[in-house]
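Beneath this line is the structure, given in structure tokens, with notes to follow.
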Amino acid sequence: KQEVTQIPAALSVPEGENLVLNCSFTDSAIYNLQWFRQDPGKGLTSLLLIQSSQREQTSGRLNASLDKSSGRSTLYIAASQPGDSATYLCAVLPNTDKLIFGTGTRLQVFP
Amino acid sequence: ETGVTQSPTHLIKTRGQQVTLRCSSQSGHNTVSWYQQALGQGPQFIFQYYREEENGRGNFPPRFSGLQFPNYSSELNVNALELDDSALYLCASSTRQGGTNEKLFFGSGTQLSVL
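As given, the protein sequences belong to chains F and Y, one line each in that order.
FYI, in my numbering the residues of the first sequence are -5 to 105.
FYI, in my numbering the residues of the second sequence are 9 to 123.
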């Protein structure tokens, strides 16, 4: 059974810091891994999608890596800003119909 | 804005009642998935509809049912509500043309409270 774990559960950093969020999954048989952002009480916004054959994806200040063999992904956020405060969710696609999510990392960036 | 709209945004029901949640998918998308997100947890897959047929189901009892209409909008119905059904219900749309390497577009969700 595929399980997705995210560490840390919560993180509080001062503005300007570079930070890393971690995601691990138990079964390497995945089609892709995705990172989402969720603001309180809101839906999910897709940030990055890494195909199983790829090692990383970049969008602006965000960089996500994937090591499928070890079952790990990291989301790197450069020069964090207060507007980055949100919950970040990692999800894997083990088959064609459903995503399996982790429980998220709650990030707070203070001025 | 993702173009996926859900209604209502908030709903309060009592145990044993029935509820219907609605989702309009993004233009051009023919696949709708529903997820349940309990407080402090990641979303859990309920089911997916593709071209009006159920195309996969998660570990939810039969009292969770759905529909997809010819315009690809969708409904989630929950019968005999239980207290544990209190959660944020998220709808996501996509197109199957992208296969397994496409992004999902989520709505803002319906917050259901069961008293």
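For each residue, glycine too, the CB sits at the ideal point set by N, CA and C.
For a quick check, are the C-beta atoms of Gly98(F) and Leu87(F) less than 8 Å apart? no
Could you pull the start and end residues of the beta strand (DSSP E) that Val12(Y) belongs to? Run containing Val12(Y): none; DSSP gives neither H nor E here.
Q.
Can you look up Asp21(F) in the DSSP assignment and give me helix, strand or coil?
A. coil
_Pro2(F) classed as buried or exposed, judged by whether at least 16 other C-beta atoms fall within 10 angstroms_ = exposed
Requested in this report: Flag this pair as yes or no: are the beta carbons of Leu29(Y) and Thr118(Y) separated by less than 8 Å?
Outcome: yes
Next on the checklist: For chain Y, check one thing: does any of its Cβ atoms lie closer than 8 Å to the Cβ of Lys36(F)?
Outcome noted: yes
Which listed residue (Gln14(Y), Pro16(Y), Thr22(Y) and Ser15(Y)) has its alpha carbon closest to that of Glu121(Y): According to the sequence as given, residue 121(Y) is Ser; it is not Glu. Closest option to Ser121(Y), Cα to Cα, is Thr22(Y).
Considering Cα atoms alone, identify which of Gly10(F), Cys17(F) and Leu5(F) is closest to Ser64(F). Cys17(F)
For this session: Whole angstroms is fine: what's the gap from Gly106(Y)'s alpha carbon to Ser81(Y)'s?
Result: Residue placement at Gly106(Y) is poorly supported in this model, since its pLDDT is 49, which falls under 50; the coordinates are not used for a value here.
Starting from the C-beta of Glu11(F), find all residues in its chain whose C-beta is less than 6 Å away, skip the five residues before and the five after it, and write them out in chain order. Ser74
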